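2 protein chains.
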Amino acid sequence: MNIWQLPVFLVLTSNVSPFQFGELFQYVDSHQQEYVETLRDWVAVESDSSDMLKRSDLHQMMDMTAEKLRAMGGKVELVDIGEQELPDGQKLALPKVVAATFGSDPSKHTVCVYGHVDVQPAKKEDGWSTEPYNLTDINGNLYGRGASDNKAPVLAWIHTVEAYQALNQDLPVNVKFIIEGMEETGSNGLEAMIVAQRDTFFSNVDYIVISDCGWLSRRPALTYGTRGNCYFFAEVEGPKQDLHSGVFGGTVMEPMTDLIGILDTLISPSGKILIPGIREAVAPLSDEEWKMYQDIEFDIESYKNKMGVDQLMYSSKVDLLAHRWRYPTVSIHGIEGAFSGSGSKTVIPAKVTAKFSIRQVPDMDPAVVKKQVTDYLHSVFAKRKSPNKLKVTMIIGAKPWLADTKHPLYTAGKAAVKRVFNVDPDLIREGGTIPIARTFQDVTGKSIIMLPIGGFDDGLHSQNEKMSRYNYIEGTKLFITYLHEVAKIKKTPV
Amino acid sequence: MNIWQLPVFLVLTSNVSPFQFGELFQYVDSHQQEYVETLRDWVAVESDSSDMLKRSDLHQMMDMTAEKLRAMGGKVELVDIGEQELPDGQKLALPKVVAATFGSDPSKHTVCVYGHVDVQPAKKEDGWSTEPYNLTDINGNLYGRGASDNKAPVLAWIHTVEAYQALNQDLPVNVKFIIEGMEETGSNGLEAMIVAQRDTFFSNVDYIVISDCGWLSRRPALTYGTRGNCYFFAEVEGPKQDLHSGVFGGTVMEPMTDLIGILDTLISPSGKILIPGIREAVAPLSDEEWKMYQDIEFDIESYKNKMGVDQLMYSSKVDLLAHRWRYPTVSIHGIEGAFSGSGSKTVIPAKVTAKFSIRQVPDMDPAVVKKQVTDYLHSVFAKRKSPNKLKVTMIIGAKPWLADTKHPLYTAGKAAVKRVFNVDPDLIREGGTIPIARTFQDVTGKSIIMLPIGGFDDGLHSQNEKMSRYNYIEGTKLFITYLHEVAKIKKTPV
């Protein structure tokens, strides 16, 4: 048994008085506008990791993040994680990973906060009411690409440390940061970096906290699982260049016709995945799980209203939650290379690439899914007897993640939520993918919690993404409290 | 019988001496660079009629055209043809039509030249080797959007009149111009203008010449038919905004899945149109037609090489020509509203609009096709039991056109080609749509010829569109000669 385990617990708990929270909370409240301005500066950087042309913005975003943490006195490193290879063979430098450390007291727990500062693509003409990279406050909601996913949560963690510093209060735990810039495209290069630093940067990390997600309703939540994602490109190539559909139409097998034909074999109108082997791999729904879902606060009507749809794929709460969280699904995102403008164009596109993805759940394995999808599409394509060429590539293969809700990290989360919001949190899963959760679990063996502060209606990946001032500010208070609660966890023998 | 009919014929033929052609041809040759520079100025104007944001460029293009003709002493009018209504209900001024007249000698024939100066969309990143709106000369080929379709042919006609004027030679016929700016999107507003001016501007027009097409091979050609085109938007609307595919995927019926599903029912892998009633409406291929196709110079291998495909939809020359010219086909051009960028985006697009078109041939009727397609897609969609909303709109409904190759206009064409190129032209049809041909036929009852000067490999509507200097300059000579040949046609009683 390690000599400093018990005393630490006593010292820390004695530190946590309501008075101190009051002071910290007051500090947060009085700095609200400053926090919003920093978020505005961050949102203004178009750190879209999927767009090669914006790579310099992304590098700038990583530099800004590092600079912010350095100015706070953190030990900060910008870790080079190498290059990515583009489909055409070109190489492009990956954004460096920001690794920062605040405190190295061996008597304290060490919490590593993970976040990302890259964003999804966004253009005004996609249907945004405001300029996506100009943070705009409308009735207390801060609209901007990346506001909720994941810039405000990252800033809330930074402001947590800053608040302790400003009030000259000791951090109840050592805090580390791992902030990356490739999350939206599959965290390219991060896993290798974690493997490389497992016995250095990560060696003294006890717990990993991820705030890259949102609540399910107005009730705060703790998240114990995420779906993975296999993202595919299916490219059909025909003529060497686009053709006039009048002049050539009727004599060539059009790549678009072939592509539409194979895409139509992925999923049935009722949502049944048609690729052999996919559904068979899914872990069966247990009675216990069914019971948990039954107890979750989830209003189907408001879910429908939020999306503006009259009818969902399923009508019961359990079915809906299960299909969001623990069943796979296929989404066809779009087609590159075809005409996508407004107006009309009479073109036969020469090369068209569909983008679709399949969400991953236990016990699916991305490597197997890759083969299942590739084989299936090639077999379907072969039946068309087309002279065009099909190429199927899996560009992201992120595994799902699942945690044990009985772990002390979750007990600490429940207590922190109760203290800040005076309610018990929902225990939920996340339909989206946070690849890092699974990677951390596999590589470091550390325990992980996902502690969201994003609202249920933040519009991640969508037009008009936002973060409310309420969630941003109260979320910061939640993180402040959470560090105290984690400090209470009894240290276990190394 | 009109008193001036016979003498005219005699006077005109005596005018046409080889010497005069020599002088005119020499003039054209010595002004080649000037012609290229004018084409450069015209190509530089981004007169894309499908892009609402470029409407002011399009207006500018019409003004430039009018100004050019006015400077030559033509009687020029910019005819206001009203507004177009956008899908969202907004109204946008249509580009004015340029109507110009050179000569009004009642003893001469009056030839009306039709052309257009709007272009298809083009962006460098679509795969152009050069800037599409910067005319670039590579080995005698002039690359630029609109170079061949239809700016150089319009200029060749203008230069034809200019050459006569410069040499103080009388035009052998009166020449009128109708130059429009909406051809690429269906000649919106033009038909009403022709109807309105049928008894004024068009009353003394004898023949209409259209040069908005190209040769089939290196052999010059006369064109006697075009396919029409019905262009459809099929919009599927679901959620009120784009959704994160991880967070929502599995619970909503995705509009893209529905759209892919209905698009896949339009045409079979082997090119068979599946919409009931379409194939039944097509006029049967006659033995005479089959024979004509057999005699046309058409090299299947070079056609394949040009497109860079290994295998075509059909293997015989007659089948290929017939399916280019006199059978309908379906082309799916693309999808608006889905993700179309490079990279990846995990989005469920909320509203997606497919753009597809069906080429029209005798005896199809666009009004009937509109109903057939709309009814069919709605019936297919209904079977999916999706809560999403389908809206099918036909935004262009252009009829096919077919001329009598025994008409004197074609005899004149054969003679002009023979004189300039020393070969007999191929008699061909055009797979593309030149709506004006059919409109002129229906409204004015005048005889029409299509007299192309574009090369067979000009890449209309495609990347790297070009016009060769050879075709541009020799084409101008062809038009000069053609006016002489038309002047020889015996005037018929009014």
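For the protein sequence lines, the chains are F and W, in the order given.
Residues 1 to 494 in my numbering are what the first sequence lists, from first letter to last.
Residues 1001 to 1494 in my numbering are what the second sequence lists, from first letter to last.
A virtual CB, placed ideally from N, CA and C, is assigned to each residue, including glycine.
If you're wondering where the values come from, they're calculated on a predicted model, not measured in any experiment.
| field | F:E180 versus F:P239: straight-line alpha-carbon distance, rounded | value | In the first sequence, residue 180 of chain F corresponds to position 180, counting from 1. In the first sequence, residue 239 of chain F corresponds to position 239, counting from 1. F:P239 has its alpha-carbon roughly 40 Å from the corresponding atom of F:E180.
| query | If you compare alpha carbons, which of F:Y114, F:S50 and F:L92 is closest to F:T65? | reply | Indexing the first sequence from 1 puts residue 65 of chain F at position 65. With distances taken between Cα atoms, F:T65 lies closest to F:Y114.
| query | Thinking C-beta only, is W:V1309 closer than 8 Å to F:V392? | reply | Within the first sequence, the letter at position 392 stands for residue 392 of chain F. Within the second sequence, the letter at position 309 stands for residue 1309 of chain W. In this structure, F:V392 sits away from W:V1309, with a CB-CB distance that is not shorter than 8 Å.
| Is the Cβ-Cβ distance between W:V1161 and W:F1102 less than 8 Å? | On the second sequence, position 161 is the one that residue 1161 of chain W refers to. On the second sequence, position 102 is the one that residue 1102 of chain W refers to. Remark: C-beta atoms of W:V1161 and W:F1102 approach each other more closely than 8 Å.
| Proximal residues of chain F, C-beta to C-beta of W:M1313 below 8 Å | Position 313 of the second sequence holds residue 1313 of chain W. G250, T251, V252 and M253, listed in chain order.
| Between F:E131 and F:G144, what straight-line distance do the alpha-carbon atoms span, to the nearest angstrom? | Taking the first sequence and counting its residues from 1, the one referred to as residue 131 of chain F is at position 131. Taking the first sequence and counting its residues from 1, the one referred to as residue 144 of chain F is at position 144. C-alpha separation (whole angstroms): 7 Å.
| Counting only beta-carbon atoms, is W:N1150 nearer than 8 Å to chain B? | Of the protein chains in the structure, F and W, none is chain B.
| If we cut at 8 Å on Cβ distances, does W:Q1120 have a partner in chain F? | Taking the second sequence and counting its residues from 1, one reaches residue 1120 of chain W at position 120. Chain F contact via Cβ: present.
| How do the region 1116-1131 of chain W and the region 1049-1063 of chain W stand: do at least 3 beta-carbon pairs fall below 8 Å, yes or no? | Contact between the region 1116-1131 of chain W and the region 1049-1063 of chain W is present, because at least three Cβ pairs lie under 8 Å.
| query | How would you list, in chain order, the residues of chain F whose beta-carbon sits under 7 Å from the beta-carbon of W:F1339? | reply | Counting from 1 along the second sequence, the entry for residue 1339 of chain W is found at position 339. Within chain F, the residues near W:F1339 are H333, G334 and K355.
| Whole-number beta carbon distance between F:W128 and F:F456, since they are thought to touch under 8 Å | Position 456 of the first sequence holds residue 456 of chain F. Position 128 of the first sequence holds residue 128 of chain F. Rounded, the Cβ-Cβ distance is 20 Å, inconsistent with contact.
| task | Report the partner residues of F:R429 according to the DSSP bridge assignment. | result | As a working note, residue 429 of chain F is residue 429 in the first sequence. Paired residues: F:G225.
| task | Tell me, please, whether the CB atom of W:K1317 is closer than 8 Å to any CB atom in chain F? | result | For the purposes of this step, residue 1317 of chain W is taken as residue 317 along the second sequence, with counting starting at 1. By this cut-off, W:K1317 is not an interface position.
| Applying the criterion that 16 or more other CB atoms from any shown protein chain within 10 Å of the CB defines a buried residue, is W:G1334 buried or exposed? | Mapped onto the second sequence, residue 1334 of chain W falls at position 334. Classification of W:G1334: buried, given that the 10 Å Cβ count is 16 or more.
| Looking at F:G82 and F:G189, is the spacing between their C-beta atoms short of 8 Å? | For the purposes of this step, residue 189 of chain F is identified with residue 189 of the first sequence, where counting begins at 1. For the purposes of this step, residue 82 of chain F is identified with residue 82 of the first sequence, where counting begins at 1. Yes. Within cutoff.
| How would you list, in chain order, the residues of chain F whose beta-carbon sits under 7 Å from the beta-carbon of W:V1247? | Here residue 1247 of chain W refers to the residue found at position 247 of the second sequence. What W:V1247 touches in chain F, judged by beta-carbon distance under 7 Å, is G431, G432 and L460, going in chain order.
| Counting Cβ pairs closer than 8 Å, one from the region 1362-1375 of chain W and one from the region 1278-1291 of chain W, do we hit at least three? | In short, these stretches touch, since the Cβ pair count reaches three.
| Given W:A1221 as reference, the closest of W:G1413, W:H1159 and W:F1440 once Cα atoms are compared | Mapped onto the second sequence, residue 1221 of chain W falls at position 221. Of the candidates W:G1413, W:H1159 and W:F1440, the one whose C-alpha sits nearest the C-alpha of W:A1221 is W:G1413.
| said: I'd like the list of long-range same chain contacts for F:Y472, defined as Cβ closer than 6 Å, with 5 residues on each side in sequence excluded. | reply: On the first sequence, residue 472 of chain F is found 472 positions in, with the first residue counted as 1. Closer than 6 Å at the Cβ level, and outside the excluded window around F:Y472, lie A152.
| message | So within the region 1035-1111 of chain W, which uninterrupted alpha helix (DSSP H) runs reach at least 4 residues, ignoring any that extend past its ends? | response | As far as the region 1035-1111 of chain W is concerned, its whole alpha helix (DSSP H) runs of at least 4 residues are 1055-1071.
| request: Closer than 7 Å by C-beta to F:S104: which residues in its own chain qualify, once you throw out the five before and the five after it? Chain order, please. | output: As a working mapping, residue 104 of chain F is identified with position 104 in the first sequence. Contacts found: N174.
| field | Pick from W:I1453, W:G1445 and W:E1485 that is closest to W:D1199, judged by C-alpha positions | value | In the second sequence, the residue the question calls residue 1199 of chain W occupies position 199. Taking each of W:I1453, W:G1445 and W:E1485 in turn and checking the Cα distance to W:D1199, the smallest one comes out for W:G1445.
| query | Under 8 Å between the Cβ atoms of F:Q26 and F:C230? | reply | Position 26 of the first sequence holds residue 26 of chain F. Position 230 of the first sequence holds residue 230 of chain F. The answer is no: Cβ separation not under 8 Å.
| query | For F:H461, which of helix, strand or coil comes out of DSSP? | reply | Within the first sequence, residue 461 of chain F is the residue found at index 461, counting from 1. Of the three classes helix, strand and coil, the one that applies to F:H461 here is coil, per DSSP.
| query | From which residue to which residue does the alpha helix (DSSP H) around F:V423 run? | reply | Residue numbering aside, residue 423 of chain F sits at position 423 when the first sequence is read from its first letter. It is not in any alpha helix (DSSP H) - F:V423 carries neither H nor E in the DSSP assignment.
| message | Would the region 1272-1279 of chain W count as touching the region 1343-1356 of chain W if we require 3 or more Cβ pairs under 8 Å? | response | No: fewer than three Cβ pairs fall under 8 Å.
| query | So what does DSSP say about F:T393, is it helix, strand or coil? | reply | Here the question's residue 393 of chain F lines up with position 393 in the first sequence. Secondary structure at F:T393: strand, using DSSP grouped into helix, strand and coil.
| request: Evaluate F:A350 with the Cβ neighbour count: other Cβ atoms within 10 Å of its Cβ, from every protein chain shown; 16 or more gives buried, anything less gives exposed. | output: Stepping through the first sequence from its first residue, residue 350 of chain F is reached at position 350. Flag for F:A350 reads buried.
| field | Of the residues F:F381, F:A415 and F:A437, the one placed nearest F:K399, counting alpha carbons only | value | Within the first sequence, residue 399 of chain F is the residue found at index 399, counting from 1. When the alpha-carbon of F:K399 is set against those of F:F381, F:A415 and F:A437, the nearest one is in F:A437.
| F:V443, enclosing beta strand (DSSP E) - first and last residue | Counting from 1 along the first sequence, the entry for residue 443 of chain F is found at position 443. Run containing F:V443: none in the beta strand (DSSP E); it sits in the alpha helix (DSSP H), P435 to T444.
| query | Where W:D1063 and W:A1338 are concerned, what is the direct C-alpha to C-alpha distance, given to the nearest angstrom? | reply | For the purposes of this step, residue 1063 of chain W is taken as residue 63 along the second sequence, with counting starting at 1. For the purposes of this step, residue 1338 of chain W is taken as residue 338 along the second sequence, with counting starting at 1. Here the C-alpha atom of W:D1063 lies approximately 37 Å from the C-alpha atom of W:A1338.
| Contact between the region 92-102 of chain F and the region 72-79 of chain F (3+ Cβ pairs under 8 Å) | A contact between stretches requires three or more CB pairs, one per stretch, nearer than 8 Å, and the region 92-102 of chain F meets this requirement with the region 72-79 of chain F.
| query | Can the beta-carbon of W:G1250 be found less than 8 Å from the beta-carbon of F:R324? | reply | Here the question's residue 1250 of chain W lines up with position 250 in the second sequence. Here the question's residue 324 of chain F lines up with position 324 in the first sequence. For the pair W:G1250 and F:R324, the CB atoms are nearer than the 8 Å cut-off.
| request: Given a cut-off of 8 Å, decide if F:Q441 and W:S1462 are closer than it, judged by their beta-carbon atoms. | output: As a first step, residue 1462 of chain W must be located in the second sequence, where it is residue number 462. As a first step, residue 441 of chain F must be located in the first sequence, where it is residue number 441. Not a contact, by the Cβ cut-off of 8 Å.
| field | Chain-ordered neighbours of W:Y1207 on chain F, where CB pairs are closer than 8 Å | value | As a working note, residue 1207 of chain W is residue 207 in the second sequence. Neighbours of W:Y1207 on chain F: none; closest Cβ ~24 Å, over 8 Å.
| request: Would you be able to state if there are at least three C-beta pairs under 8 Å between the region 378-392 of chain F and the region 259-266 of chain F? | output: Yes, they touch.
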